[in-house]
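Residue numbers (our numbering), protein chains in the order written: chain A, 1 to 556; chain B, 557 to 1112.
Just so it is clear, CB atoms sit at the ideal spot from N, CA and C, and this is done for glycine as well.
Keep in mind that this is a model prediction, so the values were computed, not measured.
Data block below; observations after.
Below you can see the structure in the form of structure tokens.
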């Protein structure tokens, strides 16, 4: 097996520079293993797009070589793309117990559960994937049951950390497998791929336990109902909320579909313990003594349709936020969500609630799930890799992580900051970084996967800024005279008293453009262009707006 | 003058709860004084809107009572609305020297400079505004020449702080007038309006001087060109950059229109000292020794058209960011701008630059211009007001500021958190909070002021999400048969190979809807509704998208 001529190739189809999200590929000659399959929510510039996933055309071309998709943990940016992936590539999926539970929810929604081969692994598993053998080590993160992976290939060992921090006092007592990591390093790691989310942050991330203490304290002081919002997948934190509820003698109601889903999966699979009879239905909350209830809800990122946002705008039938209720935001804001979260906090204050949130004071209601600089250095030191690829982060984070790697002794020339599709080839222990495979973002919009591209997005942008005008004129085929119209319909442009006058002017201008062209060869394309130009000019002069203009000519 | 029956009324037409931005009104019987006239940039939900200003209909109805518009300082959120205000209300404008300079730039752009009565004041001015006398006190902030205002009215003294912090070691040696503030408090303050921006933050804001030290240090370490981006209006910081450039023997180039504008106003009016010959033209940068030049540029908030963003995407003709250049972001992110700023930092790193920015480590390249909790308590303690209105902040900040006021002895029932338009009336030293005046947001879009409302915004939102379809059919008046069409044009919805098939299906469905209605009374409105409904259904089933559908029927 240890053929000296074999080659190992590593690349990302998403997840470096945060374009798309989290998919790494390891290929050893004719064996391909795919790691993670995340999705990403679009920013505001991608109008109407629901989700961003990866371009997997390379994998489709090499489907017979794929030995499996291994998932490191159950976060959206690692599992969100799986249903779309499986629609294109039927390959077995390997994941831990909890992760599989979360994947199954998704597959059910997409009607893919029955046809998919799901295989449960744990940190003790050993997989033979063609010439690649995979072993695993436990890591700690903001969701239970996370794995790092060691791929033992003919060329050497490649380690992919997954997302991690070193929480040495974990809520579930499942400490990270530091001894296994040390052993891997001792035996020689050819290449390390390690996550970079917090590579800009000095120090170490505090233990999740700290949050638990603050939650108990806040529960003790709460005079009436408590609402606490966190990521549904942060099962450790939910366990600590349960503990605080037990201590303060409160029942628990769950609000929000994903909270209900994840909690039931976590209970079923033994990752969350909630004493019998402690969970009540949301409909029971209003009739209960407010001192005896805590509501765990979704929406900590300000998502407009999630529970917290609806509570803040008094838009929930069953449960209300009332004066002196306590609302705890037990989650940090993901960059970009700050404004929506602030609006929710404002609304909660207006309802008279006591709001406990992160900004401006250390409330201790959140710790990151990712390793800070000292922990990243610890991982690098444990693994002592020859080659290093910082993964999972925006470019500046990868840069910072590279500097950390240098600082603990990885040679500068052995560190590769890769873009999506860039391939690192390793042959005879020598790495090359010269070629690339197809990669990129694929947009999901409704049922469409990849059909929305730049032209549609550009039109949506134009339409969103100044709206549009449709100008319809019917013209006689026999004598080129106007029969009906021009009639102008506008949307998103002008409205009310001013509009009529502007529309009349537009129609007048179109009429005169058509009449001016009467004598010439009335080429429809040229006529439309002229109408567009003159109307654009007229409207910009009058309004300084540039709506999309669609002239429609009908020959009858 | 001290008529016991007179009444004083205070309200905001923008600036509390951050709806619109910064305009406060004080009315003493028949005398009205307006304080500040800011504008606000819209968030991403207000598609196509350029600017948000205030509804001033109350002021228009009472124009004969307005004695003047007093501006506390020259920031956009205090002066940005002035041109729109003056187009509706010709009143004299009072401001300090530098503030007037910045206002004049705006008025020139709007062709309003000549017709406007601009009156220069300073901290020693005394204004008689009908029965209201105004005196002033100097404050420190992130722009020079800021004022707090004391309005001496028949009912008592009302103090408006403007924006402030207590910088006791100010860059320009213009310390805040603490003794005047103390005297005001000693003589009795009936009502204090104090700004709340940092009311969530404990402690005190550090002095601007600290930033200067860090800038010098960073300049000393920079191996090649230096780019430093900050708010153009932060003249103190620019002065410190100049100092660092002198010490490190570098010339200065300015990039960005507002940077050039503000720096020349500040130099002209004596607020900024730059030694003769130190400023070079941007076109000279490329030919200079990179160790001998620093470029001060706009765009620290990630604005896509500003200098820094264009530099990061190598989109500047005259100046380039090259490997080992240093780029300093000497400004904090305004909430909501984090993502665009991150993208710029990523791009700069990709160009090989050394980037110094705030996130993740204390680089000390920015301090706030606003008072933190200890300073807010100091202001409240100096003023000892009977009544208190926290101003300038979102609701949660006003709440925090109220608690601070309580903590230093203001009675809870004497604190008013007001919304735009809520009026606090004070008569015989008794405050009432019962009525309100017209207020609200006015949107500026191109030349339109206030003409874009909910209907237009809703249509823009619909158009932005899934685009639109126009379906045109001409029908014979005589026999109700289709003459031409249906023809469907779509924008922002589908494109490419799939589109044709979908459009054919749409046309087919429209044809059958029209034919089904042949026999009945062919009411156009009903027909259009039926077309809309069936096409909506068809498209949602096929694509899960909901484009706007515009059926157009032409009778010929």
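Which residues mark the beginning and the end of the alpha helix (DSSP H) in which residue i is found?
{"i": "residue 213/A", "result": "208 to 221"}
{"i": "residue 262/A", "result": "257 to 268"}
{"i": "residue 23/A", "result": "Counting along the chain, residue 23/A falls outside any alpha helix (DSSP H), though it belongs to the beta strand (DSSP E) covering 23 to 28."}
{"i": "residue 323/A", "result": "Note, residue 323/A: premise wrong, no alpha helix (DSSP H); not H, not E."}
{"i": "residue 301/A", "result": "Counting along the chain, residue 301/A falls outside any alpha helix (DSSP H), and DSSP gives it neither H nor E."}
{"i": "residue 905/B", "result": "894 to 906"}
{"i": "residue 962/B", "result": "951 to 963"}
{"i": "residue 9/A", "result": "Note, residue 9/A: premise wrong, no alpha helix (DSSP H); beta strand (DSSP E) at 7 to 14."}
{"i": "residue 934/B", "result": "929 to 939"}
Sorted by chain position, which residues of the same chain lie with C-beta nearer than 6 Å to residue i's C-beta, five sequence neighbours on each side aside?
{"i": "residue 3/A", "result": "With a pLDDT of 47 at residue 3/A, under the threshold of 50, the modelled position of this residue cannot be trusted; read the value that follows with caution. Correct list, in chain order: 154."}
{"i": "residue 261/A", "result": "105"}
{"i": "residue 1023/B", "result": "1047, 1048, 1049, 1103"}
{"i": "residue 517/B", "result": "An answer regarding residue 517/B cannot be provided, because it is not within the stretch 557 to 1112 covered by chain B."}
{"i": "residue 584/B", "result": "564, 687, 688, 709"}
{"i": "residue 1110/B", "result": "1030"}
{"i": "residue 650/B", "result": "624, 626, 675, 677"}
From which residue to which residue does the beta strand (DSSP E) around residue i run?
{"i": "residue 639/B", "result": "Residue 639/B -> not in any beta strand (DSSP E); alpha helix (DSSP H) instead, spanning 638 to 644."}
{"i": "residue 232/A", "result": "Careful: residue 232/A lies outside any beta strand (DSSP E) and carries neither H nor E."}
{"i": "residue 634/B", "result": "That residue, residue 634/B, is in no beta strand (DSSP E); its alpha helix (DSSP H) goes 632 to 635."}
{"i": "residue 391/A", "result": "387 to 391"}
{"i": "residue 105/A", "result": "Element bounds for residue 105/A: not the beta strand (DSSP E) but the alpha helix (DSSP H), 97 to 109."}
{"i": "residue 195/A", "result": "191 to 195"}
{"i": "residue 120/A", "result": "118 to 120"}
Please work out which residues of its chain come closer than 7 Å, Cβ to Cβ, to residue i, disregarding the five sequence neighbours upstream and downstream, and give them in chain order.
{"i": "residue 814/B", "result": "788, 854"}
{"i": "residue 63/A", "result": "89"}
{"i": "residue 866/B", "result": "872"}
{"i": "residue 915/B", "result": "Any reading at residue 915/B needs caution, since the residue's pLDDT is 48, under 50, leaving its predicted position unreliable; the model's value is listed next. None."}
{"i": "residue 917/B", "result": "Because residue 917/B sits at a pLDDT of 43, beneath the cut-off of 50, its placement in the model cannot be relied upon, and the following sentence gives the value as read from the coordinates. Result list for residue 917/B: empty, nothing under 7 Å."}
{"i": "residue 1032/B", "result": "1039, 1112"}
{"i": "residue 534/A", "result": "509, 513"}
Is residue i near the ligand FMN, going by C-beta to nearest heavy atom under 7 Å?
{"i": "residue 103/A", "result": "Although the ligand FMN was asked about, the structure shown includes no ligands whatsoever."}
I'd like the list of long-range same chain contacts for residue i, defined as Cβ closer than 8 Å, with 5 residues on each side in sequence excluded.
{"i": "residue 487/A", "result": "471, 472, 473, 507"}
{"i": "residue 1/A", "result": "No answer about residue 1/A holds up, because its pLDDT of 42 lies below 50 and its placement is not dependable."}
Within 8 Å, do at least three Cβ pairs link the region 1005 to 1015 of chain B to the region 592 to 609 of chain B? yes
Which of the residues in the region 107 to 139 of chain A, read from start to end, lie with their CB under 8 Å from any CB of chain B? none
Can you give me, in chain order, the residues of the region 463 to 475 of chain A that have a beta carbon less than 8 Å from any beta carbon in chain B? Flagged, chain order: 463, 464, 465, 466, 467, 468, 470, 472, 474.
Three CB pairs or more closer than 8 Å across the region 318 to 330 of chain A and the region 216 to 226 of chain A: yes
In chain order, what residues of the region 934 to 967 of chain B put their CB closer than 7 Å to some CB of chain A? 950, 951, 952, 955
Under 7 Å, CB to CB, which of the residues in the region 592 to 611 of chain B have a partner in chain A? 599, 600, 603, 604
Between the region 440 to 456 of chain A and chain B, which residues of the former have CB atoms less than 9 Å from a CB of the latter, in chain order? 445, 446, 447, 448, 451, 452, 453, 455, 456
Return the residues of the region 344 to 360 of chain A that lie within a Cβ-Cβ distance of less than 9 Å from chain B, sorted by chain order. Within the region 344 to 360 of chain A, the qualifying residues are 345, 346, 347, 348, 349, 350, 355, 357, 359, 360.
Do the region 204 to 222 of chain A and the region 28 to 36 of chain A meet, that is, are 3 or more Cβ pairs less than 8 Å apart? The region 204 to 222 of chain A is not in contact with the region 28 to 36 of chain A.
The region 411 to 420 of chain A in contact with the region 202 to 215 of chain A per 3-pair CB rule at 8 Å: no
In chain order, what are the residue ranges of uninterrupted alpha helix (DSSP H) at least 4 long that sit wholly in the region 426 to 474 of chain A? 454 to 466
Determine, using beta-carbon pairs with one atom in the region 166 to 173 of chain A and one in the region 89 to 103 of chain A, whether at least three such pairs fall under 8 Å. By the criterion of at least three beta-carbon pairs nearer than 8 Å, the region 166 to 173 of chain A is not in contact with the region 89 to 103 of chain A.
Note down, in chain order, all residues in the region 856 to 868 of chain B with a beta-carbon under 9 Å from any beta-carbon belonging to chain A. none
With three or more beta-carbon pairs closer than 8 Å as the criterion, would you say the region 890 to 904 of chain B touches the region 802 to 811 of chain B? With fewer than three CB-CB distances shorter than 8 Å, the region 890 to 904 of chain B does not count as touching the region 802 to 811 of chain B.
Short-range partners of chain A found in the region 1046 to 1059 of chain B, where Cβ spacing is below 8 Å: 1047, 1048, 1049, 1050, 1051, 1052, 1054
Evaluate contact between the region 817 to 831 of chain B and the region 668 to 683 of chain B, counting only Cβ atoms and requiring at least three cross-stretch pairs below 8 Å. Short answer: they don't touch.
Between the region 633 to 656 of chain B and chain A, which residues of the former have CB atoms less than 8 Å from a CB of the latter, in chain order? none
Select from the region 770 to 800 of chain B all residues with a C-beta closer than 9 Å to any C-beta belonging to chain A, and list them in chain order. For the region 770 to 800 of chain B, there are no residues whose beta carbon sits under 9 Å from a beta carbon of chain A.
Could you pull out every unbroken beta strand (DSSP E) segment of at least 3 residues lying fully inside the region 124 to 189 of chain A, listed in chain order? 126 to 129, 132 to 139, 146 to 153, 156 to 160
Taking 8 Å as the cut-off, does the region 434 to 444 of chain A touch the region 402 to 412 of chain A (at least 3 CB pairs, one atom from each stretch)? Touching, no.
Contact list for the region 536 to 547 of chain A against chain B, Cβ threshold 7 Å: 543, 544, 545
Given a limit of 7 Å on CB to CB distance, which residues of the region 877 to 903 of chain B reach chain A? 891, 892, 894, 895, 898, 901, 902
Check whether the region 187 to 206 of chain A touches the region 372 to 379 of chain A, counting contact only when three or more Cβ pairs, one atom from each stretch, lie closer than 8 Å. yes
For a minimum of 3 consecutive residues, which ranges assigned as the beta strand (DSSP E) are wholly contained in the region 1026 to 1091 of chain B? 1038 to 1047
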